[in-house]
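A.B. asks: Quick one: the structure is below, and I'll ask about it shortly.
In our numbering, the protein residues as written are -10 to 305.
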């Protein structure tokens, strides 16, 4: 049985590696080139999805102008990147270009002392498990920097809640539950990713299909409902959650291997508000989820606080 589980994990992990290389560059960002009457050129972008993206634009065989291209973080749905001026006003500027991008802000200043709430209902007790990095254990893959991921198991399909205010920047809601007792690992799990104000991200993986309470681009708040836990392995329901940031921006995917494909992320060991105070979660320990107005209002605007005090249900 263990060999069967491991074989399944190996096959699944290899599929993940292939998919990362082939499909990681979805057409979420497009480049627009506009040639002006004065021979100058404006290069801009459009972005279909919310959130921060690191974008690298390289100009190839550029003539009649000077530019080092563009490297930076874009947040808006559209914006300007470069304005090229001709050296010779009577001649056109010629070039080709290539660009690549990845979700995240590599220059974000992360608040490592920020206090999060547990992703479960206030007052509920839960045991926390630290999740190992499967790729390093079985395949020799390079573990992401400061790897830290947690898991919660439940006998019931509990509701999952947001741990911090942020914007929903990614949703996967394609897969049915994994009720087979022979499953050791699978990439086919529904999840959402929330981007926080400081540039960090929270991943909530293990949500039942068609049970999400959020949509792409929506703002969530501490203890906003996110979704319902999915069945995993037949005997229990499981959530995997983690906090991380983009660490560096090597977008040369041609040279990326199964060993190095995950190393662009830096994981954060967060502090959580619990019945034991504000603590770093420890493996195999039980905690009760807590919430107070100090934590709730930490990143609220004055307008949001006023709205909450008038109608708290709008934030659940």
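By construction, the Cβ of each residue, glycine as well, lies at the ideal position given by its N, Cα and C atoms.
Just the C-alpha distance for residue 219 and residue 196, rounded to the nearest angstrom, thanks.
C.D. replies: Your numbering for residue 219 matches position 230 in the chain shown. Your numbering for residue 196 matches position 207 in the chain shown. Answer to the nearest angstrom: the Cα atoms are 5 Å apart.
A.B. asks: Please name the residue in 143, 63, 24 and 32 whose C-alpha comes closest to that of residue 228.
C.D. replies: For the purposes of this step, residue 228 is taken as the residue at position 239 of the chain shown. Out of 143, 63, 24 and 32, 143 has the C-alpha closest to the C-alpha of residue 228.
A.B. asks: Using the Cα positions of residue 95 and residue 236, report the straight-line distance between them to the nearest angstrom.
C.D. replies: As a position in the chain shown, residue 95 is number 106, starting the count at 1. As a position in the chain shown, residue 236 is number 247, starting the count at 1. Cα to Cα, residue 95 sits roughly 5 Å from residue 236.
A.B. asks: Determine the direct distance from the alpha carbon of residue 162 to that of residue 93, and round the result to whole angstroms.
C.D. replies: As a first step, residue 93 must be located in the chain shown, where it is residue number 104. As a first step, residue 162 must be located in the chain shown, where it is residue number 173. Going by the C-alpha atoms only, they are around 21 Å apart.
A.B. asks: If you draw a straight line from the C-alpha of residue 26 to the C-alpha of residue 72, how long is it?
C.D. replies: Stepping through the chain shown from its first residue, residue 26 is reached at position 37. Stepping through the chain shown from its first residue, residue 72 is reached at position 83. Approximately 13 Å, taken between the alpha carbons.
A.B. asks: Could you spell out the range, first to last residue, of the beta strand (DSSP E) harbouring residue 67?
C.D. replies: Position 78 of the chain shown holds residue 67. Per DSSP, residue 67 belongs to the beta strand (DSSP E) from 67 to 73.
A.B. asks: According to DSSP, what are the bridge partners of residue 184?
C.D. replies: Taking the first residue of the chain shown as 1, we reach residue 184 at position 195. Beta-bridge pairing links residue 184 to 156 and 190.
A.B. asks: Where do the N-terminal and C-terminal ends of the alpha helix (DSSP H) with residue 297 fall, by residue?
C.D. replies: As a first step, residue 297 is located in the chain shown; it is residue number 308 there, counting from the start. Taken as a continuous stretch (DSSP letters only), the alpha helix (DSSP H) holding residue 297 covers 291 to 299.
A.B. asks: Out of 159, 48 and 21, which one is the CA nearest neighbour of residue 35?
C.D. replies: Counted from its first residue, the chain shown places residue 35 at position 46. The residue with the shortest Cα to Cα distance from residue 35 is 21.
A.B. asks: Does the beta-carbon of residue 87 have 16 or more other beta-carbons within 10 angstroms, so that it is buried, or is it exposed?
C.D. replies: The residue you call residue 87 lines up with position 98 of the chain shown. Exposed: under 16 other Cβ atoms inside 10 Å.
A.B. asks: Pull up the distance between the alpha-carbon of residue 343 and that of residue 23, whole angstroms please.
C.D. replies: As displayed, the chain neither begins before -10 nor continues past 305, which places residue 343 out of reach and without an answer.
A.B. asks: Using three-state DSSP, classify residue 283 as helix, strand or coil.
C.D. replies: Here residue 283 is taken as the residue at index 294 of the chain shown, counted from 1. The answer is helix: DSSP assigns residue 283 an H, G or I state.
A.B. asks: Leaving out five residues before and five after residue 202 in sequence, what residues of the same chain have Cβ atoms less than 7 Å from its Cβ?
C.D. replies: Position 213 of the chain shown holds residue 202. Hits under 7 Å: 214, 215 and 216.
A.B. asks: For the segment 36 to 43 against the segment 62 to 72, are there 3 or more C-beta pairs whose distance is under 8 Å?
C.D. replies: Touching, yes.
A.B. asks: Between residue 114 and residue 275, which are expected to be in contact by the criterion C-beta below 8 Å, what is the C-beta distance as a whole number of angstroms?
C.D. replies: Taking the first residue of the chain shown as position 1, residue 114 is located at position 125. Taking the first residue of the chain shown as position 1, residue 275 is located at position 286. 6 Å between Cβ atoms; contact.
A.B. asks: What number of angstroms, rounded off, separates the C-alpha of residue 264 from the C-alpha of residue 140?
C.D. replies: To locate residue 264, count along the chain shown from 1; it is residue 275. To locate residue 140, count along the chain shown from 1; it is residue 151. So the alpha carbons of these two residues sit roughly 19 Å apart.
A.B. asks: Classify residue 302 as helix, strand or coil using the three-state DSSP reduction.
C.D. replies: Stepping through the chain shown from its first residue, residue 302 is reached at position 313. Note: residue 302 maps to helix in three-state DSSP.
A.B. asks: Short check: CB of residue 182 to CB of residue 158, under 7 Å?
C.D. replies: On the chain shown, residue 182 is found 193 positions in, with the first residue counted as 1. On the chain shown, residue 158 is found 169 positions in, with the first residue counted as 1. In this structure, residue 158 lies closer than 7 Å to residue 182 by Cβ.
A.B. asks: Would you kindly work out how many angstroms separate the C-alpha atoms of residue 266 and residue 194, rounded to a whole number?
C.D. replies: In the chain shown, counting from the first residue as 1, residue 266 sits at position 277. In the chain shown, counting from the first residue as 1, residue 194 sits at position 205. So the alpha carbons of these two residues sit roughly 26 Å apart.
A.B. asks: Is residue 197 helix, strand or coil by DSSP?
C.D. replies: What you label residue 197 is simply residue 208 of the chain shown in a count that begins at 1. Residue state, collapsed to three classes: coil.
A.B. asks: Could you check which residue in 291, 233 and 287 has the C-alpha nearest to that of residue 138?
C.D. replies: Position 149 of the chain shown, counted from the first residue, corresponds to residue 138. Checking every option, the nearest Cα to that of residue 138 belongs to 233.
A.B. asks: Kindly indicate if chain D contains any beta-carbon less than 7 Å away from that of residue 146.
C.D. replies: Of the protein chains in the structure, only one exists, and it is not chain D.
A.B. asks: Shortest alpha-carbon distance to residue 99 belongs to which of 258, 110, 295 and 294?
C.D. replies: Here residue 99 refers to the residue found at position 110 of the chain shown. Ranking 258, 110, 295 and 294 by Cα distance to residue 99 puts 258 first.
A.B. asks: What residues in its chain sit with their C-beta under 6 Å from that of residue 44, if we drop five residues either side in the sequence?
C.D. replies: Taking the first residue of the chain shown as position 1, residue 44 is located at position 55. 63 and 90, listed in sequence order.
A.B. asks: For a test of the three-state rule: what should DSSP assign to residue 145, helix, strand or coil?
C.D. replies: As a working note, residue 145 is residue 156 in the chain shown. Of the three classes helix, strand and coil, the one that applies to residue 145 here is coil, per DSSP.
A.B. asks: For residue 12 and residue 164, I'd like the C-alpha separation in whole angstroms.
C.D. replies: In the chain shown, the residue the question calls residue 12 occupies position 23. In the chain shown, the residue the question calls residue 164 occupies position 175. Because the pLDDT of residue 12 is 36, which lies under 50, any placement of that residue in the model is unreliable, and the number read from its coordinates should be weighed accordingly. Going by the C-alpha atoms only, they are around 18 Å apart.
A.B. asks: Within 10 angstroms of its Cβ, does residue 17 collect 16 or more other Cβ (buried), or is it exposed?
C.D. replies: In the chain shown, the residue the question calls residue 17 occupies position 28. Residue 17 is exposed by the Cβ-count criterion.
A.B. asks: Quick check: what's the CA-CA separation for residue 77 versus residue 150?
C.D. replies: Counted from its first residue, the chain shown places residue 77 at position 88. Counted from its first residue, the chain shown places residue 150 at position 161. Between residue 77 and residue 150, the C-alpha separation is close to 59 Å.
A.B. asks: Suppose you measure from the CA of residue 56 to the CA of residue 192; what does that come to, to the nearest Å?
C.D. replies: As a working note, residue 56 is residue 67 in the chain shown. As a working note, residue 192 is residue 203 in the chain shown. Going by the C-alpha atoms only, they are around 37 Å apart.
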